[in-house]
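*Asks:* What follows is a structure written as structure tokens; I'll ask about it next.
Residue numbers (the working numbering): 40 to 200.
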């Protein structure tokens with residue numbers, strides 16, 4: 040219970056106490072005005088799929104957070120939320136991917152899903168960027184590299200696409 044209380048007392052990017060600490064306005068679950076911190080260990084990102092089509096079917100008991108993930112730039116906010124809640128051990132990646140060109144192979148395009156995949160597969164380089172996504176993803180210098188790597192190593196990506 041002490042860990043849950045410390046999670047609840049963190050100050051987020053919007054200056055308010057509680058978790059999630061980052062991009063709270065873009066989270067589908069829990070609702071952005073709901074302070075819900077439990078020992079739930081799953082996160083779900085449904086990419087470009089409409090959240091209302093997915094959320095009603097998710098088991099909320101073990102669900103810590105669920106959100107769309109539109110652009111690779113959202114990765115920093117995702118990592119901040121993972122670091123702020125050490126109970127999360129799994130991220131389920133699912134949903135519609137959006138490629139920049141019609142008919143492209145989404146596994147090789149610079150999609151938000153591929154940014155997540157590469158982050159969990161290879162991590163960040165010395166410039167705190169993901170190779171291939173140098174212009175899209177940069178981790179703030181206020182987040183120690185060791186912590187970014189810790190989030191990557193402590194959370195397993197489950198890719199359903």
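Quick reminder that beta carbons are idealized off the backbone N, C-alpha and C, glycines included.
From residue 103 to residue 166, what distance separates their C-alpha atoms?
*Replies:* Position 64 of the chain shown, counting from 1, holds the residue named residue 103. Position 127 of the chain shown, counting from 1, holds the residue named residue 166. The straight-line gap from Cα to Cα measures roughly 30 angstroms.
*Asks:* What residue range does the beta strand (DSSP E) around residue 84 cover?
*Replies:* Here residue 84 is taken as the residue at index 45 of the chain shown, counted from 1. Residue 84 -> beta strand (DSSP E) spans 81 to 84.
*Asks:* What does the alpha-carbon distance come out to for the pair residue 125 and residue 79?
*Replies:* Here residue 125 corresponds to residue number 86 of the chain shown, with the count starting at 1. Here residue 79 corresponds to residue number 40 of the chain shown, with the count starting at 1. Their Cα atoms are separated by approximately 10 angstroms.
*Asks:* Check residue 66 in the structure and name its three-state DSSP category.
*Replies:* One-based indexing of the chain shown puts residue 66 at position 27. Residue 66 falls in the strand class under three-state DSSP.
*Asks:* Around the Cβ of residue 114, are there at least 16 other Cβ atoms within 10 angstroms (buried) or fewer (exposed)?
*Replies:* Position 75 of the chain shown holds residue 114. Burial call: buried.
*Asks:* Quick one: residues in its chain with C-beta nearer than 6 angstroms to the C-beta of residue 110, no 5 flanking neighbours on either side, listed in chain order?
*Replies:* As a first step, residue 110 is located in the chain shown; it is residue number 71 there, counting from the start. Within the same chain, residue 110 has close Cβ partners 151.
*Asks:* Mind reading off the beta-carbon distance from residue 171 to residue 149? Whole number of angstroms is fine, and I expect it under 8 angstroms.
*Replies:* Numbered from its first residue, the chain shown carries residue 171 at position 132. Numbered from its first residue, the chain shown carries residue 149 at position 110. Indeed they touch by this definition, with Cβ atoms about 7 angstroms apart.
*Asks:* Pick out the complete beta strand (DSSP E) segments inside the stretch 142 to 199, 3 residues or longer, and give them in chain order.
*Replies:* Those beta strand (DSSP E) runs which fall completely within the stretch 142 to 199 and span 3+ residues are 195 to 198.
*Asks:* Tell me which same chain residues have a C-beta within less than 6 angstroms of the C-beta of residue 108, skipping the five on either side of it?
*Replies:* Within the chain shown, the letter at position 69 stands for residue 108. Cβ within range, chain order: 84, 86, 151.
*Asks:* Taking the continuous beta strand (DSSP E) assigned at residue 132, which residues delimit it?
*Replies:* For the purposes of this step, residue 132 is identified with residue 93 of the chain shown, where counting begins at 1. Note, residue 132: beta strand (DSSP E), 129 to 132.
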